[in-house]
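Everything below concerns the one structure shown next.
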Amino acid sequence: MLGKLLRVLRAGDRKLAMCRDEFSNIPETILVTSKNFSHEDRIPDRFTQSGNNLSPDLEWNSLPSGTRSVVVIVEDPDAPLPNPFVHAIVFNLLPPMTQIAEGAIPNATNVRERSLDPPLCLGKNTFGRTAYLGPAPIPGSGPHHYYFQVFALDSERMFQRPPGRKDIIREMAGHVLAKGFLVGTYER
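Numbering (UniProt numbering), first residue to last: 1 to 188.
Have a look at this one:
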């Protein structure tokens, strides 16, 4: 019942990082794909909190010349919050890197035991953790859309501590060369 009541409350697609005013005129030329699901398909359970809470494989190509780093932000605009729910932030991915392998972004249970090569620079999800948080929408709230957004930047971004959504967006402003996204859906 709660899920049905909350269906009308949502942040909305217009509040996604890639739709913000500072990125609205950025060309959408990066192709983002996954071996685990196709664009607008259902995300398999193993990548959700109902399953193993693994981060899915992500691949991107068509980065523009001048790309010095890549940022990935995973958001759910269907969450009943003022802003999209952040499931993961990964930044300073350096070309020629064009993929994050399945399970490479640590989740809350394996964040301390993971030794990544190369190490990933992680920002904070909505719960303030530097980890991947798989989909777990409120039962009955309808299908949620998970945007795996990829941004090509003209430089690396430096932070004193892991950035949250506001921090990473502020630091990206004026440095984004191109963007792209992949959408997966999930419903409980």
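Ideal Cβ positions, reconstructed from N, Cα and C, are used throughout, including at glycine.
Near residue i, what residues of its chain come up, given a Cβ to Cβ distance below 6 Å and the 5 sequence neighbours on each side ignored?
i	result
residue 23	176
residue 187	143
residue 171	157
residue 42	185
residue 100	58
residue 33	59
So, at 7 Å on beta carbons, what are the nonlocal neighbours of residue i in its own chain, with the 5 sequence-adjacent residues on each side left out?
i	result
residue 164	123, 124
residue 127	133
residue 169	17, 20
residue 31	60, 61, 62, 180
residue 173	22
What residue does the beta strand (DSSP E) around residue i start on, and which one ends it?
i	result
residue 76	69-76
residue 92	85-93
residue 184	176-186
residue 33	31-33
residue 63	Looking at the DSSP string, residue 63 is not in any beta strand (DSSP E), and its letter there is neither H nor E.
So the alpha helix (DSSP H) residue i belongs to, where does it begin and stop?
i	result
residue 166	165-172
Taking buried to mean at least 16 other C-beta atoms within 10 Å of its own C-beta, is residue i buried or exposed?
i	result
residue 135	buried
residue 109	exposed
residue 113	With a pLDDT of 49 at residue 113, under the threshold of 50, the predicted position of this residue should be treated as unreliable, and no value is reported.
residue 53	buried
residue 94	exposed
residue 45	exposed
residue 96	exposed
residue 161	exposed
residue 141	buried
Taking only three categories from DSSP, how would you classify residue i?
i	result
residue 154	coil
residue 42	strand
residue 148	strand
Could you round the C-beta distance between residue i and residue j to whole angstroms and report it? I think they count as a contact, below 8 Å.
i	j	result
residue 151	residue 179	5 Å
residue 91	residue 75	Incorrect: roughly 14 Å between the Cβ atoms, too far for contact.
residue 105	residue 55	4 Å
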